[in-house]
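Read through the structure below, which is laid out as structure tokens, and then see the notes.
Chains as they are written, first to last, in the working numbering: chain A, 3 to 238; chain B, 752 to 1147.
Printed below as a string of structure tokens:
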């Protein structure tokens, strides 16, 4: 770790924090804590956007998700009788067996899909990349196929050279490290101006369509709440 | 934001990086301590001010003018018995005061409180973090203040606390919307989210272009309030609601809610809610100053003119301080601007106190009506008006 910047330190710290808090969202039994950890996860996510030079997305994430959506969630959860909810989960009943079974099926499905996905990537890599690599390496190493770059003097990029692992070439490696420049994105990248230009020119139709969708949802919920009885049937 | 605190380990830039890191850390500590220690002073102003307005004396026994009353209060808060209700959720009960104080302290990070100072080749920004979306950052972090209130109300295990928390929460969320919308006109005017840019465009005299003709006024500063008077009124009104201050202090109500969300809190934990509220007041006063009253800059006098003044008149300080004349001028300019910022913000803080002891409080449904049916439509009107006027003013 010869090249550890404060951004790296912050990244690893927040990465660990976000993983822990995201896991706690699932594993904590109290729904209030669960919701609070979800809010924490959202807040840390916005820190990542800051570090990725997208300040507008970061503050939007913070305002919309942590500041508004999760607050409404928590307000609703707070009005529940949490003890009864807890018993409902812990109590042994046919409904509970159905819940556990469906949860297990969902997990199995997700794992299965994930496994298939990994396999597909490997197959792709084998069929698409392998012939090129072999041809290139066969050419360079007189018929003996080898993996990875063989000759450090050939035209590699500075970053590839930095990854080249060879204990004898320590000096060269350090020289390569000095050549590695961390390229920061241009100033306008992720800025509000560039974002809004795209949003209100290229994607204006999609943008307006989404706002219309939200409007429909709001009007719909008001209509539902206003209709007689709403979601709860009240006899009048 | 993080690019500015980059600390290189194991490279030759280590020295300068560490210096920058140290300066940033120092700034954070100083600003936090300044905010926290302004709170007791504000409480004093509030109590003496209210007494003055009601033809009473107020606290005048402890120390000169009763100034040490705040110290006595602090000692009382610290030594009070720590009490935890039986039904409380212990973890959240202890966490809530911190959650209430944290956003109040964090929002000030984006506020520039003076012009940058250049001393011995180092330029130090008088602002903790120069974020180019400063104003939205403040809104985003301020919106997190709801969590302190909500967790306090729920974890106390008291129905008054819970209802008070829900009330405070819906009030804060409702007024946040009107507040954000009221500022969009201002943002269109300044064409920037950065508070530094806003201050820069408020320097000098009131001027505008109308159909290609430039109009300039000599004795009227180019302050935001003259460009956006409606937005100013809406913003200040929403500010009162956001800080849960008097005409809108519905979360507390002795007759119906006892103490609201902090009913079950006493001692220093109660004090932290208190400091959170005053912290929001300080940030909101600083924002009013920055958005509508030219920030740290003097009216009609540019920072360059202030610097030139100190080059002429600050020569006597260069010797005793062991600094060059340029450094002294920069330092004195920064201090002048700091004083100007303090005065402007101080006035708005006093305004908060003033209004509290002048206006009667609203009823809860009146509060919601005002937020949703009056302030929100008017901020939309302001937005439409600003956009139209700017569009037509550009036609030459």
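Just so it is clear, CB atoms sit at the ideal spot from N, CA and C, and this is done for glycine as well.
Residue environment analysis places residue 95/A among the exposed positions, since fewer than 16 neighbouring C-beta atoms fall within 10 angstroms of its C-beta. Interface flag for residue 777/B against chain A is unset, since no Cβ pair is found closer than 8 Å. Among the CB atoms of chain A, none fall inside 8 Å of the CB of residue 1129/B.
With the rule of 3 Cβ pairs closer than 8 Å, the segment 867-878 of chain B does not count as touching the segment 1007-1026 of chain B. The segment 1021-1030 of chain B and the segment 943-959 of chain B do not touch, with fewer than three beta-carbon pairs separated by less than 8 Å. Of all residues in the segment 886-901 of chain B, only 887, 888, 890, 891, 892, 894, 895, 897, 898, 901 place a beta-carbon less than 8 Å from a beta-carbon of chain A. Out of 963/B, 1100/B, 972/B, 932/B, the CA that lies nearest to the CA of residue 1135/B is found in 932/B.
Within the DSSP bridge table, the entry for residue 959/B names 966/B as partners.
Exposed is the label assigned to residue 109/A, since fewer than 16 other Cβ atoms lie within 10 Å of its Cβ.
Within the segment 31-56 of chain A, complete alpha helix (DSSP H) segments of at least 4 residues are found at 33-53, given in chain order. Nearest CB-CB separation between residue 884/B and chain A: below the 8 Å threshold.
Note: residue 810/B is not bridge-paired with any residue in the DSSP secondary-structure output. Under DSSP, residue 972/B shares a beta bridge with 956/B. What residue 905/B touches in chain A, judged by beta-carbon distance under 7 Å, is 34, 80, going in chain order. DSSP places residue 1073/B outside any beta strand (DSSP E), giving it a letter other than H or E. Of all alpha-carbon atoms in 844/B, 833/B, 1007/B, the one lying nearest the alpha-carbon of residue 911/B is that of 1007/B. Under the three-state reduction of DSSP, residue 994/B is assigned to coil, being neither helix nor strand. Only those residues of the segment 914-926 of chain B whose C-beta falls short of 7 Å from the nearest C-beta of chain A are listed: 917, 920, 924. Contact annotation: in the segment 927-957 of chain B, residues whose CB is within less than 7 Å of a CB in chain A are 944.
Secondary structure of residue 1014/B (DSSP, three-state): coil.
It is roughly 15 Å from the alpha-carbon of residue 814/B to the alpha-carbon of residue 794/B. When only Cα atoms are considered, residue 787/B and residue 862/B end up about 16 Å apart. Excluding the 5 residues flanking it on each side, residue 976/B has same chain C-beta neighbours closer than 8 Å at 983, 1043, 1044, in chain order. Near chain B, meaning a CB-to-CB distance below 7 Å, the residues of the segment 54-68 of chain A are 57, 58, 61, 64, 65, 68. The count of Cβ pairs closer than 8 Å, one atom from the segment 30-45 of chain A and one from the segment 64-77 of chain A, reaches three, so the stretches are in contact. For residue 76/A, the chain B residues whose Cβ falls inside 7 Å of its Cβ are 901, in order along the chain. In the pairwise beta carbon analysis, the segment 942-949 of chain B is classified as touching the segment 871-888 of chain B: at least three pairs are separated by under 8 Å. Distance from the Cα of residue 801/B is smallest, within the candidate group 1068/B, 854/B, 1110/B, 1035/B, for 1110/B.
Closest option to residue 1030/B, judged by alpha-carbon separation, among 954/B, 1127/B, 990/B: 990/B.
Contact annotation: in the segment 191-210 of chain A, residues whose CB is within less than 8 Å of a CB in chain B are 193, 194. For residue 27/A, the uninterrupted alpha helix (DSSP H) run begins and ends at 8-29, by DSSP. In the three-state reduction of the DSSP assignment, residue 868/B falls in the strand class, which pools E and B.
Within the same chain, 831, 834 come within 7 Å of residue 1017/B by CB-CB distance, once the 5 residues on both sides are set aside. If the five residues before and after residue 790/B are omitted, its C-beta is found closer than 6 Å to the C-beta atoms of 1026, 1029, all from its own chain and listed in chain order. In the structure shown, residue 1109/B falls within a coil segment according to DSSP collapsed to helix, strand and coil.
With contact defined as three or more Cβ pairs closer than 8 Å, the segment 1096-1112 of chain B and the segment 909-927 of chain B are not in contact.
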